[in-house]
Amino acid sequence: MASDRSNISVNDTKNDCLNNIVNAERRGKRQVLIRPSSKVIVKFLSVMQRHGYIGEFEQIDDHRSGKIVVQLNGRLNKTGVISPRFNVQVNQIESWVNLLLPARGFGIIILTTSAGILDHDEARRKHVGGKLLGYVY
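Heads up, the sequence shown is in full-length UniProt numbering, so the first residue is 1 and it goes up one at a time.
Listed below in structure tokens is the structure:
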């Protein structure tokens, strides 16, 4: 029996989204379709875009859960979701950076904070802690 992608249930939409992006990047694709969409995924992608890991992305309203078309630029090496979402205080951010990222100044950790979804540098600058969402490098 051939496996059909539409019958596969998705439990972790954020992880599935990031895996689709990394796999398309490795295959040398210029764009990738992400579904389903969510507010967290859109904010996560906008942080990635601000740091230059992906190009433009466009939300498509299909009157269901929504889709996102992401333009790729070849700068993405690896991305991952951190589950469960660990609580991180401001003074603990540096230790998580050392644990998750391969080198200093290389890559970002994305957190959800009371000030919105931010990368680790912005969170440190605004002096807010939060919960770990994922990492990108």
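Glycine included, C-beta positions come from ideal geometry on N, C-alpha and C.
Please read these numbers as outputs of a predicted model, since none were measured by experiment.
Bounding residues of the beta strand (DSSP E) (the contiguous stretch that carries residue i)
i	result
Asp119	Gly116 to Asp119
Leu29	Looking at the sequence provided, one finds Lys at residue 29 rather than Leu. Counting along the chain, Lys29 falls outside any beta strand (DSSP E), and DSSP gives it neither H nor E.
Leu101	Segment: none, Leu101 is in no beta strand (DSSP E) and carries neither H nor E.
Tyr135	Gly130 to Val136
Lys67	Lys67 to Leu72
Leu76	Careful: Leu76 lies outside any beta strand (DSSP E) and carries neither H nor E.
Buried or exposed by the 16-neighbour rule on C-beta atoms within 10 Å, applied to residue i
i	result
Ala115	exposed
Glu94	exposed
His120	buried
Endpoints, the alpha helix (DSSP H) within which residue i is located
i	result
Phe44	Lys39 to Arg50
Simplified DSSP state of residue i, which is helix, strand or coil
i	result
Gln92	helix
Ile54	strand
Proximity winner among the options, relative to residue i (alpha-carbon distances)
i	options	result
Thr13	Lys131, Val136, Asn91 and Ser83	Ser83
Pro36	Asn15, Leu111, Asp121 and Gln92	Asn15
Gly134	Thr79, Glu25 and Leu33	Thr79
Residue-level contact to chain D via CB, residue i, 9 Å cutoff
i	result
Pro84	Looking for chain D here will not work: only one protein chain is present.
Are three or more beta carbon pairs between the region 87 to 100 and the region 52 to 59 nearer than 8 Å?
Short answer: they don't touch.
Do three or more CB pairs link the region 119 to 135 to the region 62 to 74 at distances below 8 Å?
Taking a cut-off of 8 Å for Cβ pairs, the region 119 to 135 and the region 62 to 74 do not touch, as fewer than three such pairs fall below it.
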